[in-house]
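Numbering-wise, this note's numbering puts 121 at position 57 of the sequence shown, and it's gapless, one number per residue. For every residue, glycine included, the Cβ atom is placed at its ideal position computed from N, Cα and C.
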Amino acid sequence: MLESIAKSRSLEALEALRVAYLGRKGRVTEQLKGVGALPTAERAAAGKAANELRIVVEAALAEREMVVREAEVKRTLATPFDVTAPGIVPLLGHRHPVSVVLDELVDLFWQMGYQVADGPEVETEWYNFEALLVGKDHPARDMQDTFYLSEAHLPRTHTSSVQIRHMEAHRDKLPIRIIAPGKVYRNEDEDARHSWSFYQLEGLVVDEGVTLGDLKGTLEQMMKGILGNDTKVRLRSNYFPYTEPSVEMDATCAICSGSGMLGDVSCHLCSGSGWLELGGAGMVHPQVLRNVGIDPDRYSGFAFGFGPERLAAIKYGVDDVREFWRPNFRFLEQF
Ligand code: PHE
């Protein structure tokens, strides 16, 4: 036994020997078990001998293990190390394309003197609807199909709720000049241009003498900043209960530069119209100002809201907004 131990060259071989000698059915173990079957007179001597054998084998195994381990370390250290072998390139993440656009927007508005405001994603009907003149039976509630969490609470359907919260808190500290980026939720079927949850960027300015012209200039400045200096903005009349007048904002198409044509085919992004719908806006309704305790005879304001995902899709030529929220690295790594 001692000879086999002394000759073994690997930890695996040593382990096999330990099992063969000291394991439950090992040779030494069997010998120890056999002591009980001997005549009484022989037991003491045989027991002592078997025990001594166990101690010697254990010691030999332990000693050999040290030698084998040491040899293994020497062998590893002697293996030449190839300093020219290519390393493992660490995977680096980057900002999400929608975050990039959101950050750019915050930067642009920051330069125009705006501050960033925030509001809760779960709202009451008052902030999401009623203070914005969307009563219980108002048809505009159908424009934004709502998920309800309880009778009184809902995930906000737009960031316009932040307008109300901010005006309430700052009615004594006018003027107000804020943007409020955040997530909104709508009970809508998904398709390439719609999703049940998406981002909005709300804007609100309240001061003396604010006009529709100020709104248009602001939107122009912003669109040029994001989509390029040649971008033009067009306002079309629209309807929102909380703005009067209300407008829809369009920007010239970022792909065909407003011509509607790409070579001699019509542009796929704007379907040949040359314009892209970006969001809603308008002059804050006097009754909304009254609802939050601001005097509409002295102050006026404008507000706007649009979707940064749509802006990112236009900027990067993405034709399906759902891609932004799929765990698809092949898509996301392009940015
Ligand atoms: N809240 C509107 C929407 O979600 C957009 C909007 C914001 C319109 C501000 C007017 C003023 O479609």
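- Taking C-beta atoms as the reference points, Asp314 and Arg300 count as a pair closer than 8 Å.
- Secondary structure of Ser335 (DSSP, three-state): coil.
- Following the DSSP letters along the chain, one finds Ala126 inside the alpha helix (DSSP H) bounded by residues 104–142.
- The beta carbons of Leu117 and Gln95 sit closer together than 8 Å.
- In this structure, Ile290 places its C-beta atom within 8 Å of the C-beta atom of Leu375.
- Not one heavy atom of the ligand PHE is found less than 7 Å from the C-beta of Glu215.
- Residue range 240–249 is occupied by the beta strand (DSSP E) that includes Ile243.
- Collapsing the DSSP output to three states places Val329 in a strand.
- Relative to the Cα of Arg128, the nearest Cα in the group Ala318, Pro372, Leu66, Arg394 belongs to Leu66.
- In this chain, the alpha helix (DSSP H) harbouring His234 covers 224–234.
- Taking C-beta atoms under 8 Å as the contact rule, Gly183 and Gly246 qualify, at a distance of about 7 Å.
- Below 8 Å, too few C-beta pairs join the segment 212–230 and the segment 314–334 to call them touching: fewer than three.
- Shortest gap from the CB of Gln264 to any heavy atom of the ligand PHE: under 7 Å.
- Following the DSSP letters along the chain, one finds Ala80 inside the alpha helix (DSSP H) bounded by residues 75–86.
- Within the model, the alpha-carbon separation for Asp294 versus Asp171 is close to 20 Å.
- If you draw a straight line from the Cα of Asn392 to the Cα of His160, it is about 12 Å long.
- Between the ligand PHE and the CB of Thr275, the shortest heavy atom gap is not smaller than 7 Å.
- Using a Cβ-Cβ distance cut-off of 8 Å, the segment 362–371 and the segment 141–160 are not in contact, since fewer than three pairs of beta carbons, one from each stretch, lie closer than that value.
- Assignment of beta-bridge partners to Ser364 by DSSP yields Asp271.
- Of all alpha-carbon atoms in Lys89, Thr148, Leu169, Gly90, the one lying nearest the alpha-carbon of Gln285 is that of Leu169.
- Per DSSP, Asp314 is one residue of the beta strand (DSSP E) stretching across 307–316.
- A residue is called buried once 16 or more other Cβ atoms fall within 10 Å of its Cβ, and Thr282 is buried on that count.
- A check of alpha carbon separations from Ile119 across Val165, Pro372, Arg82, Ala142 identifies Arg82 as the nearest.
- Per DSSP, reduced to three states, the secondary structure at Asp146 is coil, with no helix or strand assignment.
- Ranked by Cα distance from Ser214, the options Arg229, Asp236, Glu189 are led by Glu189.
- DSSP places Gln95 in the helix class (H, G or I) of the three-state scheme.
- Per the C-alpha coordinates, the member of Pro103, Gly111, Ala105, Leu102 positioned closest to Val92 is Gly111.
- As for any beta strand (DSSP E) of minimum length 3 sitting wholly inside the segment 150–196, the runs are 186–188, ordered along the chain.
- Remark: the shortest separation between the CB of His222 and any heavy atom of the ligand PHE falls under 7 Å.
- Note that the C-beta distance between Gly357 and Arg205 is not below 8 Å.
- Within the same chain, Cβ atoms closer than 6 Å to the Cβ of Leu342 are found at Met313, Ala315, Phe370, the five residues on either side in sequence being excluded.
- Not one heavy atom of the ligand PHE falls within 7 Å of the beta-carbon of Phe193.
- At the C-beta level, Val248 and Phe366 stay beyond 8 Å of one another.
- Annotation: the continuous alpha helix (DSSP H) that includes Leu283 extends over 276–291.
- For Glu266 against Ala244, the beta-carbon gap comes to about 4 Å, under 8 Å, which counts as contact.
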